[in-house]
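Undergrad: Here's a structure for you.
This is the structure in structure tokens:
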């Protein structure tokens, strides 16, 4: 019998190259038939916008939002070099630091707690994973309660530690950490789930071997658990960074970018420029800048960190 | 039984420094740690529930209330109508309408993503055509394009299509502001879903394809009657994942809906904050109502959810 | 002193009894094999010695101390797992040095010991490699090296050869025997392969359903199996069993059953006369059966049978016979080649018969 074929279409009684060409055309035809919805959607809503955004950046927008004069690279230069953008970058960078690192630590900690062989552990697993079911809006509203200046639990706790009653979300020094805290909680479920899956993929034998070899709890964690988790760590770091850079909802609900631009991350400033000031040109420049920034950051992370990741 | 040895316990001596503790002490500590973790995770939810159950007067107190009722020395009495906040929330804000909108939006997106990614994944897994590899890479590259870059042009697209004379008058039926189409159409294709399904489709043995071919199945039949039934778990995972992403969308629905009737739950909830600054507990009740569907999803579909989320992170 | 004593070890996993009142002494420097089918508790017993499982009841003694409450790392044992359990992210050198690192052995000493073990095992050129870059056989040697470097009093091995291909297995078997001789340490070796057990063990302990069936030198286990299970487990193809009734004939007993009619010797008759009921299970190994002729001698048993299937192996034929009531397997000389359906006379020496109590399965001593 003939070698297995991907498609059992009848062969046409034509000379070699022509038949081959036609079969190829048929494959292409079928391929397109299956792929055209995705291709169309991606073209209209992903690739075209990418190009259009770059294009829009070249034009100044008038106060009504219409496309104004062509200013070319000048707008790119002025916006990306401007203090506005740099401030947003700084805020975003801080925000990423505040969310990714504690997120990993807490996620891993909870996952390790949930990975024990104890009775009723599955209840705890579900609880730890539960924040994956909260949307950005729901989580933000819930934290509004906790951050409430008069009745909030967080403000009350801080009060016990000597910090006077603060309106956290209105305080330029506390707003960003407060929003970060909300975000950490929001992403905790996801981090726990991912780390738990990673932990469960570590073969039991390795732990037993380490036990016999005399590794204590810390030794086992450092020499067995962490190295085996390194692919997961990379994933969480990369994805966490990307998510941090794209945060919008919680800022919109909690602080609207303020106070005094203390939580004005890049995405939020893009939103403000585009949909409140109707300055599409500037907004597009920032968006394109953000795109390349995230791209570069992800590539750098992959390159730099992947060396330390061990794959099986 | 035939053995040829004797026991020699009497000669043995217990020596050794590290004595293993009996598990009980350690177990207690672990449970304490677990409960602590659970408390931290559940605290916001718990406080929301408490606040939702409080009557208006109670929330103005200085210390946060941990319980939704007053307790004095002898009795605990419920202060104010406890459950009244929920109907109030539904009254003052069209939460039901929002939920319907969200459900429709999410439903269409989920079904759409399942269909488009199944088709695309089939093409990448089973069909051989020139440029297949390159095209797949291009598909994957869409994952790298962040929301912000596409949002402004997409918004403009929706705007322009919505104008009465776009595409000879047809445009506004395809896309316009304040429409379900605008909420759903941009998200009907997904590279993540295509990737996920393709990985799974590639594990379907070639022999199955050959057998189907011999039986006279064309591509569509094969996809519909063989591949899809075999891929139920993956499809379920993708569905749950898509549901989560779609239901939680914030920025896009914010932009394309101005009419209150078209708002999704997320946006409606956020708008609730502005409106009901006084009646905080009503807002909390509304939040809980909005959160219900997602938690139900978690409880019932935890397995699929976990599978979908960890597809990229862990080698299986 | 590195003997190991199982003193009435019992292990429950919930309802399941994995190890059932096991009492066994492994002598100092002995190579003892724990043999049995899957699920017989041999791996569990090994893990209890290692300290990876706690016994539900009973005591484990290593050397002269009771180790039940001592951590695995302090029991002075080393373990080689079936799937090697090498640390995938560490080099061969670091894998072998790991246990020493955990004990804060100084670096030079670590290097020295690793190098020494590596040379013994032929790994010295592979020290920088990671496990993923090694073949199965090489990984296995690294696992061994890791154990050797610890210089333990007891080596525990859990089916270390199962993941190797047949040829490598034979080769490694011999190397392990040599290693044991060189190291002069106690080896406890778990396997389900009776060939491994017979060739490697100084003594074999056979387990079934968690209970010890017999522990003895391989030859004894072969020649005088303690019960029907051991008799059928050791030897390939397995022993043939017949069910027979005892009748008086002359000054001895006659065993009849399954087409067999065996006049028993005086010694055998005497032993069997003590049975409560006059029935017995008779066993004869395939290798002790040969083709016979009608002129049988008194100490030979004769049985008529029809050839069922013939498997020719070149050096011998493995033939399955049936005589209407039972199937008999025999290992015969390659010639004359038999054919299906042929009627033959089978012959086997009376002294090669094994007798077992049909109720308990225990061996009946006839000598």
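Residue numbers (the working numbering), protein chains in the order written: chain H, 1 to 312; chain Z, 1 to 316; chain E, 1 to 367.
Even glycine gets a Cβ: it sits at the ideal position worked out from N, Cα and C.
1. Does residue 72 of chain Z come within less than 8 Å of chain H when only Cβ atoms are used?
2. Shortest alpha-carbon distance to residue 79 of chain E belongs to which of E/107, E/156, E/12?
3. Whose CA, out of Z/281, Z/272, Z/304, Z/265, lies closest to the CA of residue 134 of chain H?
4. Could you tell me the boundaries of the beta strand (DSSP E) in which residue 211 of chain E lies?
5. Is there a C-beta anywhere in chain Z that falls below 8 Å from the one on residue 304 of chain H?
6. I want to verify the contact list: residues of chain H whose CB lies under 7 Å from the CB of residue 170 of chain Z, in sequence order.
7. Note down the Cα distance separating residue 12 of chain E from residue 55 of chain E, rounded to an integer number of angstroms.
8. From this set, H/141, H/272, H/24, H/189, which residue's C-alpha is nearest residue 282 of chain Z's C-alpha?
9. Three or more beta-carbon pairs under 8 Å between the segment 95–114 of chain E and the segment 144–158 of chain E, yes or no?
10. For chain H, find out if any of its Cβ atoms is closer than 8 Å to the Cβ of residue 2 of chain E; answer yes or no.
11. Does the beta carbon of residue 153 of chain E sit closer than 8 Å to a beta carbon anywhere in chain H?
12. Looking only at its chain, what residues have a beta carbon closer than 8 Å to the beta carbon of residue 249 of chain E, apart from the 5 residues adjacent to it on each side?
13. Does DSSP put residue 349 of chain E in a helix, in a strand, or in coil?
14. DSSP three-state call for residue 68 of chain H: helix, strand or coil?
15. Counting only Cβ-Cβ distances shorter than 7 Å, please list the residues of the segment 180–203 of chain H near chain Z, keeping chain order.
16. Of all the options E/235, E/220, E/282, E/214, which has the alpha carbon lying nearest to the alpha carbon of residue 244 of chain E?
17. To test your reading of the DSSP string, which unbroken alpha helix (DSSP H) runs of 4 or more residues are found completely within the segment 174–253 of chain Z?
18. If contact is defined by three or more beta carbon pairs under 8 Å, each pair taking one atom from either stretch, is the segment 68–80 of chain H in contact with the segment 291–310 of chain H?
19. Would you mind listing the alpha helix (DSSP H) stretches within the segment 70–157 of chain E that are 4+ residues and don't spill past its ends, in chain order?
20. With residue 186 of chain H and residue 250 of chain H assumed to form a contact (beta carbons below 8 Å), what rounded beta-carbon distance in angstroms separates them?
21. According to DSSP, what are the bridge partners of residue 11 of chain E?
22. Using a Cβ-Cβ distance under 8 Å, would residue 78 of chain Z count as near chain H?
23. Give the secondary structure of residue 6 of chain E by DSSP, where H, G and I count as helix, E and B as strand, and everything else as coil.
24. Using a Cβ-Cβ cutoff of 9 Å, what residues of the segment 213–231 of chain H are near chain E? List them in chain order.
25. Could you name the residues of chain H that residue 27 of chain Z contacts, counting a contact when the two beta carbons are closer than 9 Å?
26. How far does the beta strand (DSSP E) with residue 207 of chain E in it reach, from first residue to last?
27. Report the partner residues of residue 343 of chain E according to the DSSP bridge assignment.
28. Report yes or no: is there a C-beta of chain H within less than 8 Å of the C-beta of residue 190 of chain E?
29. Opposite residue 191 of chain E in the DSSP bridges: which residues?
30. Which residues of chain E have a Cβ atom closer than 7 Å to the Cβ of residue 307 of chain H, listed in chain order?
31. Give a yes or no on contact between the segment 334–344 of chain E and the segment 200–210 of chain E, applying the rule of three or more CB pairs nearer than 8 Å.
32. Ordered along the chain, which non-local residues of its own chain (more than five positions away) have a Cβ less than 8 Å from that of residue 200 of chain H?
33. Do three or more CB pairs link the segment 26–33 of chain E to the segment 290–297 of chain Z at distances below 8 Å?
34. For the segment 310–320 of chain E against the segment 264–280 of chain E, do three or more pairs of beta-carbon atoms, one drawn from each stretch, fall closer than 8 Å, so that the two count as touching?
35. With distance defined between alpha-carbon atoms, name the residue in H/241, H/288, H/208 nearest to residue 301 of chain H.
36. Starting from the C-beta of residue 261 of chain E, find all residues in its chain whose C-beta is less than 7 Å away, skip the five residues before and the five after it, and write them out in chain order.
TA: A quick look at the data gives this:
1. Taking the second chain and counting its residues from 1, the one referred to as residue 72 of chain Z is at position 72. Residue placement at residue 72 of chain Z cannot be trusted, given a pLDDT of 40 that sits under 50; what the coordinates show is reported in the next sentence. No, residue 72 of chain Z does not count as interfacial toward chain H.
2. Within the third chain, the letter at position 79 stands for residue 79 of chain E. It is E/156.
3. Locating residue 134 of chain H in the first chain gives position 134, counting from the first residue. Of Z/281, Z/272, Z/304, Z/265, the residue nearest in Cα terms is Z/265.
4. Looking up residue 211 of chain E in the third chain gives position 211. Taken as a continuous stretch (DSSP letters only), the beta strand (DSSP E) holding residue 211 of chain E covers 211–216.
5. As a working note, residue 304 of chain H is residue 304 in the first chain. Not one chain Z Cβ lies under 8 Å of residue 304 of chain H.
6. Stepping through the second chain from its first residue, residue 170 of chain Z is reached at position 170. Residues of chain H passing the Cβ test: none, with the nearest at roughly 15 Å.
7. Position 12 of the third chain, counting from 1, holds the residue named residue 12 of chain E. Position 55 of the third chain, counting from 1, holds the residue named residue 55 of chain E. In a straight line, the C-alpha of residue 12 of chain E is about 8 Å away from that of residue 55 of chain E.
8. Your numbering for residue 282 of chain Z matches position 282 in the second chain. Looking at the Cα atoms, H/141 is the closest of the given residues.
9. yes
10. Numbered from its first residue, the third chain carries residue 2 of chain E at position 2. It does not; no Cβ of chain H falls within 8 Å.
11. The residue given as residue 153 of chain E occupies position 153 in the third chain. Cβ-Cβ to chain H under 8 Å: no for residue 153 of chain E.
12. By one-based count along the third chain, residue 249 of chain E stands at place 249. So the list reads 263, once near-sequence residues are dropped.
13. The count along the third chain starts at 1 and reaches residue 349 of chain E at position 349. In this structure, residue 349 of chain E counts as strand in the three-state DSSP scheme.
14. Taking the first residue of the first chain as position 1, residue 68 of chain H is located at position 68. Residue 68 of chain H: strand per DSSP, three-state reduction.
15. 185, 188, 190, 193, 194, 197, 198, 201
16. Along the third chain, read from residue 1 onward, the residue named residue 244 of chain E stands at position 244. Among E/235, E/220, E/282, E/214, the Cα nearest to that of residue 244 of chain E belongs to E/282.
17. 180–184, 191–201, 206–214, 219–222, 232–247
18. no
19. 92–102, 107–121, 136–149
20. The sequence position of residue 186 of chain H within the first chain is 186, counting from 1. The sequence position of residue 250 of chain H within the first chain is 250, counting from 1. About 7 Å separates the two Cβ atoms, so the contact holds.
21. Within the third chain, residue 11 of chain E is the residue found at index 11, counting from 1. Its beta-bridge partners are E/19.
22. On the second chain, position 78 is the one that residue 78 of chain Z refers to. With a pLDDT of 47 at residue 78 of chain Z, under the threshold of 50, the modelled position of this residue cannot be trusted, and the question is left open.
23. Reading the third chain from its first residue, position 6 is the one you call residue 6 of chain E. Correct three-state label for residue 6 of chain E: strand.
24. 213, 214, 215, 216, 219, 223, 224, 227, 228, 230
25. Residue mapping note: residue 27 of chain Z aligns to position 27 of the second chain, counting from 1. Here the neighbours are 118.
26. Numbered from 1 along the third chain, position 207 holds the residue referred to as residue 207 of chain E. It spans 203–208 - the beta strand (DSSP E) in which residue 207 of chain E sits, taken as one unbroken run.
27. In the third chain, the residue the question calls residue 343 of chain E occupies position 343. DSSP output for residue 343 of chain E lists E/306 as bridge partner(s).
28. Locating residue 190 of chain E in the third chain gives position 190, where the first residue counts as 1. Judged by the 8 Å Cβ criterion, residue 190 of chain E is not in contact with chain H.
29. Numbered from 1 along the third chain, position 191 holds the residue referred to as residue 191 of chain E. Residue 191 of chain E is bridged to E/35.
30. By one-based count along the first chain, residue 307 of chain H stands at place 307. Here the premise fails: no neighbours, minimum Cβ distance about 12 Å.
31. no
32. Working through the first chain from its first residue, we reach residue 200 of chain H at position 200. Answer for residue 200 of chain H: 115, listed in chain order.
33. no
34. no
35. In the first chain, the residue the question calls residue 301 of chain H occupies position 301. Nearest C-alpha to residue 301 of chain H: H/241.
36. The residue labelled residue 261 of chain E in the question sits at position 261 within the third chain. Counting only Cβ-Cβ distances below 7 Å, and skipping sequence neighbours, we find 254.
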